[in-house]
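Trainee: Chains as they are written, first to last, in the numbering used here: chain A, 1 to 328; chain B, 329 to 405.
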């Protein structure tokens, strides 16, 4: 199923030194201790998720001999327009066939697993033969410069995953769930039908406030509490559906939310450190791209090779969560 | 974990002297009770003491006494 993963990270970085200066609190070491992040990838002001996604997708297509991607899934919450779908724009930019199906997924940190689920359905049903799944967001465009909750955490980045009907990279044990009762624990108030554009797009004027509705709001502790509730059962659910135990998994690759949260989850689930991947120090939280960006690195440095089993779990905005197991 | 150990760990989270943790003390008055401090408290309760915290409960928790009342049944003394 999973054939290859390519990534693209913006060159701009926000390091802890510049961050603490902008926020006027903490020290660089304190930020690292709290988040496990040294620097974050930041999209340029005029660089959109479609721009970043195109670069990741182009890199993927340049090294694969797949001449006909017949379905494009684009998981983003920061598309170019309310309409049309960003997947259609990306189809044109990447010069994919006009017979290619295109679909946007509006999900955040669970979006990679949901994308895998849909791709597998398309492949197993015979509807598609080659599915490209692109995960990309530019959350930093929607975070106020003085927001001390979101700004230390999030970065921008893109991943493009090629899924085919081959036996390699088999995906099993999908487990998922949602809790819309707590949907507004993390949200962007303006821009939808409930509150149309407040000031418009990416205005980060200095006279604005983190409380303005054009900026993302996150109740960090409640989101964290949600993960403590949702992630362990999702992991157990994936293992049960895959008829596997914890010991059968080589690596646990969770959404790279922040290192503090990930370490607490590891301790709660008694996962050995050597099997648990925390790699976000120089990227930040890349939303739905965080898991595939880590997987690409693990493939590159041969931690993932034929036969390796990885358990993936994404969780966040929605509230939404999903887990699965990939046998590489 | 006994009450004394809990208060010591809570004092570390709140960046306060354990002696300052009177039941009526308001959590918001402590420098450590920010977003990360609340997450550390959740870790102490859930991951370390195995006490699941209901969603939204933390928002209603205003004083040290509220926390002590919640964890009381799980302390050894």
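For each residue, glycine too, the CB sits at the ideal point set by N, CA and C.
Once DSSP output is grouped into helix, strand and coil, what is the label at residue 104/A?
Mentor: Reduced to three states, the DSSP call for residue 104/A is strand.
Trainee: First and last residue of the alpha helix (DSSP H) that includes residue 266/A?
Mentor: Segment 259-269, the alpha helix (DSSP H) holding residue 266/A.
Trainee: Could you tell me the alpha carbon to alpha carbon distance between residue 50/A and residue 104/A, rounded to whole angstroms?
Mentor: Each residue's alpha carbon lies about 11 Å from the other.
Trainee: Quick test of the definition: if touching needs 3 or more C-beta pairs under 8 Å, does the segment 240-259 of chain A touch the segment 290-305 of chain A?
Mentor: Yes: the two stretches touch, three or more of their Cβ pairs being nearer than 8 Å.
Trainee: Give the interface partners of residue 401/B over in chain A, defined as CB-CB distance under 7 Å, in chain order.
Mentor: What residue 401/B touches in chain A: nothing, since even the nearest Cβ is about 19 Å away.
Trainee: Hey, residue 4/A and residue 64/A: beta-carbon distance below 8 Å or not?
Mentor: Closer than 8 Å, so yes.
Trainee: Just confirm the distance between the C-beta atoms of residue 158/A and residue 52/A, as a whole number of angstroms; I'd bet it's less than 8 Å.
Mentor: Residue 158/A to residue 52/A, Cβ: 4 Å. Contact.
Trainee: Quick check: what's the CA-CA separation for residue 32/A versus residue 122/A?
Mentor: Approximately 41 Å, taken between the alpha carbons.
Trainee: Using a threshold of 8 Å, state whether the C-beta atoms of residue 108/A and residue 57/A are closer than that.
Mentor: Cβ distance not < 8 Å, so residue 108/A and residue 57/A don't count as in contact.
Trainee: Using a Cβ-Cβ distance under 8 Å, would residue 225/A count as near chain B?
Mentor: It does; some Cβ of chain B falls within 8 Å.
Trainee: Looking only at its own chain, which residues have a Cβ that is under 6 Å from the Cβ of residue 322/A, when we skip the five neighbours before and after it?
Mentor: Correct list, in chain order: 110, 113, 114, 176 and 314.
Trainee: The beta strand (DSSP E) that contains residue 324/A, what's its start and end?
Mentor: Here the beta strand (DSSP E) through residue 324/A covers 320-327.
Trainee: Mind checking if residue 348/B is an interface residue toward chain A, Cβ cutoff 8 Å exclusive?
Mentor: With 8 Å as the cut-off, residue 348/B does not count as an interface residue toward chain A.
Trainee: Only counting the same chain, and skipping five residues up and downstream in sequence, which positions put a Cβ closer than 6 Å to that of residue 164/A?
Mentor: Excluding residues within five positions, the ones whose Cβ falls inside 6 Å are 3 and 130.
Trainee: If we call anything under 8 Å between Cβ atoms a contact, is residue 288/A one with residue 135/A?
Mentor: For residue 288/A and residue 135/A, yes; Cβs fall inside 8 Å.
Trainee: Strictly below 9 Å CB to CB, what residues from chain A border residue 374/B?
Mentor: 225, 228, 229, 264 and 268, listed in chain order.
Trainee: Out of 196/A, 215/A, 20/A and 60/A, point me to the one whose CA is closest to residue 296/A's CA.
Mentor: Taking only the C-alpha atoms, the option nearest residue 296/A is 60/A.
Trainee: Answer yes or no: do residue 358/B and residue 379/B have a C-beta to C-beta separation smaller than 8 Å?
Mentor: Not closer than 8 Å, so no.
Trainee: Any idea what DSSP makes of residue 280/A, helix, strand or coil?
Mentor: Three-state DSSP puts residue 280/A in coil, outside helix and strand.
Trainee: Under 7 Å between beta-carbons, which chain B residues line up against residue 220/A? List them in chain order, please.
Mentor: Ordered by position in chain B, the residues that pass the 7 Å Cβ test against residue 220/A are 363 and 367.
Trainee: For residue 234/A and residue 40/A, I'd like the C-alpha separation in whole angstroms.
Mentor: Near 28 Å, if we compare the C-alpha coordinates of residue 40/A and residue 234/A.
Trainee: I need the boundaries of the alpha helix (DSSP H) containing residue 229/A, first residue and last residue.
Mentor: 220-241 is the span of the alpha helix (DSSP H), which, as asked, contains residue 229/A.
Trainee: Between residue 173/A and residue 261/A, what straight-line distance do the alpha-carbon atoms span, to the nearest angstrom?
Mentor: Straight-line Cα distance between these residues: approximately 24 Å.
Trainee: Would residue 371/B pass as an interface residue toward chain A - the criterion being a Cβ-Cβ separation below 8 Å?
Mentor: By this cut-off, residue 371/B is an interface position.
Trainee: Taking one C-beta from the segment 184-199 of chain A and one from the segment 210-226 of chain A each time, how about it: are there three or more such pairs within less than 8 Å?
Mentor: Judged by Cβ distances under 8 Å, the segment 184-199 of chain A makes contact with the segment 210-226 of chain A, as three or more pairs qualify.
Trainee: Taking the straight line between their C-alpha atoms, what separation do you get for residue 272/A and residue 98/A?
Mentor: Between residue 272/A and residue 98/A, the C-alpha separation is close to 47 Å.
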